[in-house]
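Asker:
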Amino acid sequence: MTGQARSHRAGEARRAGRPCSPGGRGQLTRKAARGRGADPCPGVRWGGFSLLLLNLEEYYFEQHRANHILHKGSHHERKIRGSLKICSKSAIFEPDAISQPIIKIPLRDCIKIGKHGENGANRHFTKYVIFTTVYFIKEHNVVAPYKIERGKMEYVFELDVPGKVEDVVETLLQVSTCWVENSKQTEITAILQSRLARTSFDKNRFQNISEKLHMECKAEMVTPLVTNPGHVCITDTNLYFQPLNGYPKPVVQITLQDVRRIYKRRHGLMPLGLEVFCTEDDLCSDIYLKFYEPQDRDDLYFYIATYLEHHVAEHTAESYMLQWQRGHLSNYQYLLHLNNLADRSCNDLSQYPVFPWIIHDYSSSELDLSNPGTFRDLSKPVGALNKERLERLLTRYQEMPEPKFMYGSHYSSPGYVLFYLVRIAPEYMLCLQNGRFDNADRMFNSIAETWKNCLDGATDFKELIPEFYGDDVSFLVNSLKLDLGKRQGGQMVDDVELPPWASSPEDFLQKSKDALESNYVSEHLHEWIDLIFGYKQKGSGAVGAHNVFHPLTYEGGVDLNSIQDPDEKVAMLTQILEFGQTPKQLFVTPHPRRITPKFKSLSQTSSYNASMADSPGEESFEDLTEESKTLAWNNITKLQLHEHYKIHKEAVTGITVSRNGSSVFTTSQDSTLKMFSKESKMLQRSISFSNMALSSCLLLPGDATVITSSWDNNVYFYSIAFGRRQDTLMGHDDAVSKICWHDNRLYSASWDSTVKVWSGVPAEMPGTKRHHFDLLAELEHDVSVDTISLNPASTLLVSGTKEGTVNIWDLTTATLMHQIPCHSGIVCDTAFSPDSRHVLSTGADGCLNVIDVQTGMLISSMTSDEPQRCFVWDGNSVLSGSQSGELLVWDLLGAKISERIQGHTGAVTCIWMNEQCSSIITGGEDRQIIFWKLQY
Numbered sequence: 001m002t003g004q005a006r007s008h009r010a011g012e013a014r015r016a017g018r019p020c021s022p023g024g025r026g027q028l029t030r031k032a033a034r035g036r037g038a039d040p041c042p043g044v045r046w047g048g049f050s051l052l053l054l055n056l057e058e059y060y061f062e063q064h065r066a067n068h069i070l071h072k073g074s075h076h077e078r079k080i081r082g083s084l085k086i087c088s089k090s091a092i093f094e095p096d097a098i099s100q101p102i103i104k105i106p107l108r109d110c111i112k113i114g115k116h117g118e119n120g121a122n123r124h125f126t127k128y129v130i131f132t133t134v135y136f137i138k139e140h141n142v143v144a145p146y147k148i149e150r151g152k153m154e155y156v157f158e159l160d161v162p163g164k165v166e167d168v169v170e171t172l173l174q175v176s177t178c179w180v181e182n183s184k185q186t187e188i189t190a191i192l193q194s195r196l197a198r199t200s201f202d203k204n205r206f207q208n209i210s211e212k213l214h215m216e217c218k219a220e221m222v223t224p225l226v227t228n229p230g231h232v233c234i235t236d237t238n239l240y241f242q243p244l245n246g247y248p249k250p251v252v253q254i255t256l257q258d259v260r261r262i263y264k265r266r267h268g269l270m271p272l273g274l275e276v277f278c279t280e281d282d283l284c285s286d287i288y289l290k291f292y293e294p295q296d297r298d299d300l301y302f303y304i305a306t307y308l309e310h311h312v313a314e315h316t317a318e319s320y321m322l323q324w325q326r327g328h329l330s331n332y333q334y335l336l337h338l339n340n341l342a343d344r345s346c347n348d349l350s351q352y353p354v355f356p357w358i359i360h361d362y363s364s365s366e367l368d369l370s371n372p373g374t375f376r377d378l379s380k381p382v383g384a385l386n387k388e389r390l391e392r393l394l395t396r397y398q399e400m401p402e403p404k405f406m407y408g409s410h411y412s413s414p415g416y417v418l419f420y421l422v423r424i425a426p427e428y429m430l431c432l433q434n435g436r437f438d439n440a441d442r443m444f445n446s447i448a449e450t451w452k453n454c455l456d457g458a459t460d461f462k463e464l465i466p467e468f469y470g471d472d473v474s475f476l477v478n479s480l481k482l483d484l485g486k487r488q489g490g491q492m493v494d495d496v497e498l499p500p501w502a503s504s505p506e507d508f509l510q511k512s513k514d515a516l517e518s519n520y521v522s523e524h525l526h527e528w529i530d531l532i533f534g535y536k537q538k539g540s541g542a543v544g545a546h547n548v549f550h551p552l553t554y555e556g557g558v559d560l561n562s563i564q565d566p567d568e569k570v571a572m573l574t575q576i577l578e579f580g581q582t583p584k585q586l587f588v589t590p591h592p593r594r595i596t597p598k599f600k601s602l603s604q605t606s607s608y609n610a611s612m613a614d615s616p617g618e619e620s621f622e623d624l625t626e627e628s629k630t631l632a633w634n635n636i637t638k639l640q641l642h643e644h645y646k647i648h649k650e651a652v653t654g655i656t657v658s659r660n661g662s663s664v665f666t667t668s669q670d671s672t673l674k675m676f677s678k679e680s681k682m683l684q685r686s687i688s689f690s691n692m693a694l695s696s697c698l699l700l701p702g703d704a705t706v707i708t709s710s711w712d713n714n715v716y717f718y719s720i721a722f723g724r725r726q727d728t729l730m731g732h733d734d735a736v737s738k739i740c741w742h743d744n745r746l747y748s749a750s751w752d753s754t755v756k757v758w759s760g761v762p763a764e765m766p767g768t769k770r771h772h773f774d775l776l777a778e779l780e781h782d783v784s785v786d787t788i789s790l791n792p793a794s795t796l797l798v799s800g801t802k803e804g805t806v807n808i809w810d811l812t813t814a815t816l817m818h819q820i821p822c823h824s825g826i827v828c829d830t831a832f833s834p835d836s837r838h839v840l841s842t843g844a845d846g847c848l849n850v851i852d853v854q855t856g857m858l859i860s861s862m863t864s865d866e867p868q869r870c871f872v873w874d875g876n877s878v879l880s881g882s883q884s885g886e887l888l889v890w891d892l893l894g895a896k897i898s899e900r901i902q903g904h905t906g907a908v909t910c911i912w913m914n915e916q917c918s919s920i921i922t923g924g925e926d927r928q929i930i931f932w933k934l935q936y
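Here it is as structure tokens:
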């Protein structure tokens, strides 16, 4: 999208009152920032009426141009020009002149509504209302607590269109009757649905006359604290929302080509929400819709997802986890993505994105991010950080009848969000608290005070919001000069008091961001994720972590459909929304750690430490080859077929190459080992050990001996120098499927359901006595083992079975670390990432699965339409050989196939890549070996 187009859309978004801003500014931040700008016309109200003047579950139906007549019939009579808004719980008059207050008249306090008759020679009809309570709002366009007048009052309004008086009076009488007769929400819903049924989307609003309509339905556009009913329409190119009341503009339009992400949401604990983003990383969406029927939501999601299928990759929590682990996402970005996936939205204050308190030290003059004592313990919820308070809470918890909970308030709720944002979103606070600000001493006055209260307060367990780690300081500064009250000490509530180590609001945010991205937090953030989004959120994990909240805060904690009374349902929903909601659970097993430079020094299992600890020599070699590897993988999509040779009579099963690259050794199901000269392009040798297929091959260090595995249950050692079989290891009871070698140890996998580890050096001279191989370990499986692979340090081994299970073994103890059933058929190939953090497996089911070695968690899964028989990878990208003969380049972090490269005429069965990643050879069922050329 061009900058001009983005700027235009952002302008449209602002006019629509919806979020659309770069840099991750929150919706409340952005809306408030424009709230007191220069008025377009001096003396005329700008930004006066908004849906925030409505109550919870109230709807704005229509507006009429009108005059408010003061002192009707007297010589002091005068008219105030404005608009009369008819809503489901109130009538609101917005004067044009900003010096006059907005008048809100609750219909529940109505005494009488009627027509006033003819109005002199003008014959304009008027209507009158008599009320006992009236709210006066934003006088002189100043945001302040509402002024309330009580007592019997008469208000007379003169409508511009005489013919509308009857309808307006009838609507007001109908709505007010709902409140007088206490039928409330049932009747209001019926009125709303009747209005929606009488209207439909105006097709004249289509951007192009050739647009093809896919579906139309009723829905509500969701913004913080309020919703706006209307009609949703989707075509082959655009998504539209047309508000029933035409507010804030006649139609909101989103081009499908601009859409980057869509999420199904629960709204009010029901699966009715859909949120659409036109940016990759922004905190706020472009539109949030709530549907009346789950099927409508699912159908619209299907249409958009189908459109996006060939344009945008779908990201899962696991795919984001992989990006975060490997350093491609910052801690801030990862937390934003997790919040999004867990139904947290800036448009829903009961499910606003939640971020952790990171810093513990708010008293020092300098912030030392190298000192662990500077940080909060991320393994504990806020309520468990104070040991004495926790003991009191646990005592109460143990004495409590079922259902038990440890904390009577939540860590995230609308009240807490607006507590932090009151300086930039005062109208939201007034909306939530019926026209009042909170007590001045309970306001967000000081960072240190707020943290102290979260540690010591009997009922305060709140976490933070993303704004604490963003770029916009406005929520810390009273730039609107709001009168937020006077504290007991006599001082006015103004800017937020910062800790001594922060020289300015900008400095505070920068140091907070630095803390969030620090090594300490990177090493421990997974512990907090376990509490909020993971396995310690519910069940025994939550109990053990002292992380149990009120049952109503959890997904599935209450079945709203079982509540028959609509008003009781609204009351329950209101309680839930105001109390706050626990995020959707994303992980059910421990979340893996992040890969950080300091991670090597952390205490793990012996094998895990060994796999991470490279010797100085290995580090030097890696430094020398790193540039070559990076260059090769950056250009892997430009791979071109260079030469191909048909040297076998059946499928090629294995490839290995001498260190200087001159000799290529291959095995085949035709039972032969072939030696091919890359320089002369000639077949030099053909060796047969038995009449059974050979399954794999490798060269021992020194390039003097080739080892091959065979379906005849044996492993053969072939001396290149003497041109003859040197040794035979008869070590299995069924076919040997794959072999590996490291540091004088042979690892052999077999269809006899074992992987065996052997120690021994083959005889140097073909005439000498055969060497005796000692069996060091036997790794037993339930079924046939089809593939194995070692990590670079040879402390870990991964095996794949014919039934789709991937097993990770600790070779230092010969024990099974993890068993992951992640394929629906044979596991074709497995390999560790270069840093040993992850295992990749491919299967006959077409899946590419990434597994975290530390936890055994399946963290990413991608699917192709055919089996991927073999692969090589660098931890981020994969080059795989498919059943059809194509080579596929996969971008794991982007969760997409980057390139398809034509190659073999049958399945690609084996692939070899040199250490520098600069040379690639493949073998296939078409009996060919292909040499590939990288184009730089």
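Numbering-wise, the sequence shown is residues 1 to 936 according to full-length UniProt numbering.
All residues carry an ideal CB built from backbone N, CA and C; glycine is no exception.
1) Would the beta-carbon of residue 798 fall within 8 Å of that of residue 777?
2) On the criterion of 16 or more Cβ atoms from any shown chain inside 10 Å, does residue 927 qualify as buried, or is it exposed?
3) Below 8 Å between beta carbons: does that hold for residue 175 and residue 84?
4) In or out: residue 783 buried (at least 16 other Cβ within 10 Å) or exposed?
5) Could you check whether the Cβ of residue 859 sits closer than 7 Å to any heavy atom belonging to the ligand ZN?
6) Is residue 495 helix, strand or coil by DSSP?
7) What do you reckon, are the CB atoms on residue 504 and residue 469 nearer than 8 Å?
8) Do you know whose CA, among 476, 520 and 423, lies nearest residue 483's CA?
9) Roughly how many whole angstroms lie between the Cα atoms of residue 120 and residue 478?
10) With DSSP collapsed to three states, give me the class of residue 427.
11) Compute the beta-carbon to beta-carbon distance between residue 283 and residue 356, rounded to the nearest angstrom, for a pair I have assumed lies under 8 Å.
12) Using the Cβ count rule (16 or more neighbours within 10 Å means buried), how would you classify residue 363?
13) By a C-beta neighbour count over all protein chains shown, 10 Å radius and 16 as the cutoff for buried, is residue 722 buried or exposed?
14) Decide if the segment 890-910 is in contact with the segment 646-660; the criterion is three or more beta carbon pairs, one per stretch, under 8 Å apart.
15) For the candidate residues 494, 147, 565 and 579, whose alpha-carbon lies nearest to that of residue 411?
16) Considering only C-alpha positions, which residue in the set 664, 672 and 668 is nearest to residue 682?
17) CA-CA distance, residue 297 and residue 669?
18) If you follow the alpha helix (DSSP H) that residue 572 is part of, which residue opens it and which one closes it?
19) Measure the Cβ-Cβ separation of residue 379 and residue 140 and say whether it is below 8 Å.
20) Would a C-beta distance cut-off of 8 Å place residue 81 and residue 71 closer than the cut-off?
21) Give the DSSP bridge partners of residue 912, in chain order.
22) Applying the 10 Å Cβ sphere with the 16-neighbour rule, what's the burial state of residue 343?
23) Any idea which residues DSSP pairs residue 727 with across the strands?
24) Once the 5 residues before and after residue 745 are set aside, which same chain residues still bring their CB inside 8 Å of it?
25) My assumption, with CB atoms under 8 Å, is that residue 168 sits in contact with residue 114. Please give the rounded CB distance.
26) Comparing alpha-carbon positions, which option in 260, 271 and 269 lies nearest residue 287?
27) Starting from the C-beta of residue 802, find all residues in its chain whose C-beta is less than 6 Å away, skip the five residues before and the five after it, and write them out in chain order.
28) If you drop the 5 nearest sequence neighbours on each side, which residues of the same chain put their C-beta closer than 6 Å to that of residue 824?
29) Counting pairs of beta carbons, one from the segment 427-441 and one from the segment 130-147, are three or more of them closer than 8 Å?
30) For residue 554, collect the residues of the same chain with a Cβ closer than 6 Å to its Cβ; drop the 5 residues on either side in sequence, then sort them by chain order.
31) Count the CB pairs spanning the segment 292-307 and the segment 493-507 that are closer than 8 Å, and state whether there are at least three.
32) Going by beta carbon distance, what residues of the same chain come within less than 6 Å of residue 426, once the five residues before and after it are set aside?
33) Per DSSP, what kind of secondary structure is residue 676 in: helix, strand or coil?
34) So for residue 857, helix, strand or coil by DSSP?
35) If you run the structure through DSSP and keep just helix, strand and coil, what is residue 741?
36) Alpha carbon to alpha carbon, how far is residue 600 from residue 522?
Answerer: By the coordinates alone:
1) Position 798 of the sequence shown, counted from the first residue, corresponds to residue 798. Position 777 of the sequence shown, counted from the first residue, corresponds to residue 777. No.
2) Position 927 of the sequence shown, counted from the first residue, corresponds to residue 927. Residue 927 should be labelled buried.
3) Residue mapping note: residue 175 aligns to position 175 of the sequence shown, counting from 1. Residue mapping note: residue 84 aligns to position 84 of the sequence shown, counting from 1. No, the pair does not count as a contact, with Cβ atoms beyond the cut-off.
4) Within the sequence shown, residue 783 is the residue found at index 783, counting from 1. Counting Cβ neighbours within 10 Å, residue 783 comes out exposed, since fewer than 16 surround it.
5) Summarising the ligand content, the structure contains no ligands, and the ligand ZN is consequently not present.
6) Stepping through the sequence shown from its first residue, residue 495 is reached at position 495. Note: residue 495 maps to coil in three-state DSSP.
7) In the sequence shown, residue 504 corresponds to position 504, counting from 1. In the sequence shown, residue 469 corresponds to position 469, counting from 1. No; because the gap between Cβ atoms is not below 8 Å, this pair is not in contact.
8) Locating residue 483 in the sequence shown gives position 483, counting from the first residue. Looking at 476, 520 and 423, the one whose alpha-carbon comes closest to that of residue 483 is 423.
9) Counting from 1 along the sequence shown, the entry for residue 120 is found at position 120. Counting from 1 along the sequence shown, the entry for residue 478 is found at position 478. At residue 120 the pLDDT is 44, less than 50, meaning the model places this residue with poor confidence; the figure from the coordinates comes in the next sentence. Here the alpha carbon of residue 120 sits roughly 50 Å from the alpha carbon of residue 478.
10) In the sequence shown, the residue the question calls residue 427 occupies position 427. In the structure shown, residue 427 sits in a helix (DSSP, three-state: H, G or I).
11) If you number the sequence shown from 1, residue 283 lands on position 283. If you number the sequence shown from 1, residue 356 lands on position 356. Contact doesn't hold; Cβ gap of about 16 Å is too wide.
12) For the purposes of this step, residue 363 is taken as the residue at position 363 of the sequence shown. Classification of residue 363: exposed, given that the 10 Å Cβ count is below 16.
13) Sequence index remark: in the sequence shown, residue 722 carries index 722 (1-based). Answer is exposed; the Cβ neighbour count stays below 16.
14) Taking 8 Å as the limit for Cβ pairs, the verdict is that the segment 646-660 does touch the segment 890-910.
15) The residue given as residue 411 occupies position 411 in the sequence shown. Relative to residue 411, the option among 494, 147, 565 and 579 whose CA is nearest is 579.
16) Within the sequence shown, the letter at position 682 stands for residue 682. Nearest of 664, 672 and 668 to residue 682, Cα basis: 664.
17) As a position in the sequence shown, residue 297 is number 297, starting the count at 1. As a position in the sequence shown, residue 669 is number 669, starting the count at 1. Distance from the CA of residue 297 to the CA of residue 669, rounded to the nearest whole angstrom, comes to 53 Å.
18) Indexing the sequence shown from 1 puts residue 572 at position 572. Segment 566-579, the alpha helix (DSSP H) holding residue 572.
19) Position 379 of the sequence shown, counting from 1, holds the residue named residue 379. Position 140 of the sequence shown, counting from 1, holds the residue named residue 140. No, the pair does not count as a contact, with Cβ atoms beyond the cut-off.
20) Position 81 of the sequence shown, counting from 1, holds the residue named residue 81. Position 71 of the sequence shown, counting from 1, holds the residue named residue 71. The Cβ atoms of residue 81 and residue 71 do not sit closer than 8 Å to each other.
21) As a first step, residue 912 must be located in the sequence shown, where it is residue number 912. Beta-bridge pairing by DSSP links residue 912 to 921.
22) Here residue 343 corresponds to residue number 343 of the sequence shown, with the count starting at 1. Residue 343 should be labelled buried.
23) Residue numbering aside, residue 727 sits at position 727 when the sequence shown is read from its first letter. Note: residue 727 sits in a beta bridge opposite 717.
24) Translated into the one-based positions of the sequence shown, residue 745 becomes position 745. Excluding residues within five positions, the ones whose Cβ falls inside 8 Å are 757, 758, 759, 776 and 794.
25) As a first step, residue 168 must be located in the sequence shown, where it is residue number 168. As a first step, residue 114 must be located in the sequence shown, where it is residue number 114. A Cβ-Cβ distance of about 11 Å is found for the pair residue 168 and residue 114, leaving them out of contact under the 8 Å criterion.
26) Position 287 of the sequence shown holds residue 287. Considering only 260, 271 and 269, the residue with the shortest C-alpha distance to residue 287 is 260.
27) For the purposes of this step, residue 802 is taken as residue 802 along the sequence shown, with counting starting at 1. Answer for residue 802: 783, 784, 786 and 826, listed in chain order.
28) Position 824 of the sequence shown, counted from the first residue, corresponds to residue 824. Taken in chain order, the residues that qualify are 804 and 845.
29) Verdict: yes, contact present.
30) For the purposes of this step, residue 554 is taken as residue 554 along the sequence shown, with counting starting at 1. Counting only Cβ-Cβ distances below 6 Å, and skipping sequence neighbours, we find 582.
31) Output reads no: the segment 493-507 does not touch the segment 292-307.
32) Residue numbering aside, residue 426 sits at position 426 when the sequence shown is read from its first letter. Taken in chain order, the residues that qualify are 143 and 482.
33) What you label residue 676 is simply residue 676 of the sequence shown in a count that begins at 1. Residue state, collapsed to three classes: strand.
34) Residue numbering aside, residue 857 sits at position 857 when the sequence shown is read from its first letter. For residue 857, the secondary structure class from DSSP, reduced to helix, strand or coil, is coil.
35) Taking the sequence shown and counting its residues from 1, the one referred to as residue 741 is at position 741. In the structure shown, residue 741 sits in a strand (DSSP, three-state: E or B).
36) Start at 1 with the first residue of the sequence shown, and residue 600 comes out as number 600. Start at 1 with the first residue of the sequence shown, and residue 522 comes out as number 522. Reliability of the predicted coordinates at residue 600 is poor, the pLDDT of 31 falling under 50, and the value obtained from them is presented with this limitation in mind. One C-alpha to the other measures close to 13 Å.
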